[in-house]
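Here the protein sequences come in this chain order: D and U.
The opening residue of the first sequence carries number 678 in the numbering used here; numbering runs sequentially from there.
The opening residue of the second sequence carries number 7 in the numbering used here; numbering runs sequentially from there.
Everything below concerns the one structure shown next.
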Amino acid sequence: EAGVAQSPRYKIIEKRQSVAFWCNPISGHATLYWYQQILGQGPKLLIQFQNNGVVDDSQLPKDRFSAERLKGVDSTLKIQPAKLEDSAVYLCASSSYRDRESEQYFGPGTRLTVT
Amino acid sequence: AQKVTQAQTEISVVEKEDVTLDCVYETRDTTYYLFWYKQPPSGELVFLIRRNSFDEQNEISGRYSWNFQKSTSSFNFTITASQVVDSAVYFCALSDWNNFNKFYFGSGTKLNVKP
């Protein structure tokens, strides 16, 4: 079974530029999560999708971050314009949500550096 | 509100020593799940174990063991005879089933195993 795929793995941009990250979850997983992980901290949930609907985006800086999961499969997270403090690893995870035991499976992450 | 606390920021041990990573959680739910993840230097979060709130039996898997105690709201992780390959950041997480399986992560404990 293929894992969660993310691209790109690394991205360096200048502040005020825009950037997009892509995630393809494990096949059949209804729930998709985007996390931001700043160096030395735990993952922070940015947005959570159930199929193609948003169920939690309370910590998403909506003035600059956006995300979509149009067909309930893969997803894109965008930052526009980027700030220095957006430098972090962006992790995508998916879960089957079939039962309470569903763990989240994580992709390799995208390391973003904003200069 | 759900919360996970990992008070140990960083631990250093010499190979073959035993080490315990602490995790304390807060929740008002009567049914919940706890997880441990490992994040090696490569960056991907790897699922290690899941435990539900009704099962307080300790679990052992090779050199890994977990001690779940509801009375103290703790879910501690012990590595016996540590190895250099165990060097990583370890995260404890609590899931909120009523919120589409949202995860609450601790801040992580960085384990350094020296040869």
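Quick reminder that beta carbons are idealized off the backbone N, C-alpha and C, glycines included.
Values in this document were obtained by computation on a predicted structure and should not be read as measured data.
With a threshold of 16 other beta carbon atoms within 10 Å, I66 (chain U) falls short and is exposed.
According to DSSP, Y39 (chain U) shares a beta bridge with U:N58 and U:S101. For P720 (chain D), the closest Cβ of chain U is nearer than 8 angstroms. In this structure T36 (chain U) is exposed. Its beta-carbon is surrounded by fewer than 16 other beta-carbon atoms within 10 angstroms.
DSSP places K760 (chain D) in the coil class of the three-state scheme, outside both helix and strand. Not flagged as an interface residue toward chain U: T790 (chain D), since no C-beta distance is shorter than 8 angstroms. Beta-bridge partners assigned by DSSP to A707 (chain D): none are found.
For R56 (chain U), at least one C-beta of chain D is nearer than 8 angstroms to its own C-beta. Not flagged as an interface residue toward chain U: L709 (chain D), since no C-beta distance is shorter than 8 angstroms. Below the 9 angstroms Cβ cutoff, chain U contributes no neighbours of D751 (chain D), its closest Cβ being approximately 18 angstroms away. Going by DSSP, V766 (chain D) is part of the beta strand (DSSP E) stretching over A765 to S772. For W699 (chain D), the CB contacts under 6 angstroms within the same chain, skipping 5 residues up- and downstream, are S684 and T753 in chain order. The beta carbon of P121 (chain U) sits closer than 6 angstroms to the beta carbons of E21 and V90 from its chain, once the five residues preceding and following it are set aside; these are given in chain order. Spanning the alpha carbons of K116 (chain U) and Y782 (chain D) requires a straight line of approximately 21 angstroms. Contact between C769 (chain D) and G784 (chain D) holds, since their C-beta atoms are separated by about 5 angstroms, short of 8 angstroms. Cα atoms of R693 (chain D) and A765 (chain D): separation of roughly 16 angstroms, rounded to the nearest angstrom. Contact between F41 (chain U) and P720 (chain D) is absent: CB atoms are separated by about 12 angstroms, not below the 8 angstroms threshold. Of the candidates U:C98, U:S113 and U:D24, the residue whose Cα lies closest to the Cα of I715 (chain D) is U:S113. Sequence-ordered contacts of the stretch 42–55 of chain U with chain D read G49, E50, L51 and F53 [C-beta pairs closer than 7 angstroms]. Taking a Cβ-Cβ cut-off of 9 angstroms, the neighbours of L768 (chain D) in chain U comprise G49, E50 and L51, given in sequence order. With its beta carbon less than 8 angstroms from one in chain D, F106 (chain U) belongs to the interface.
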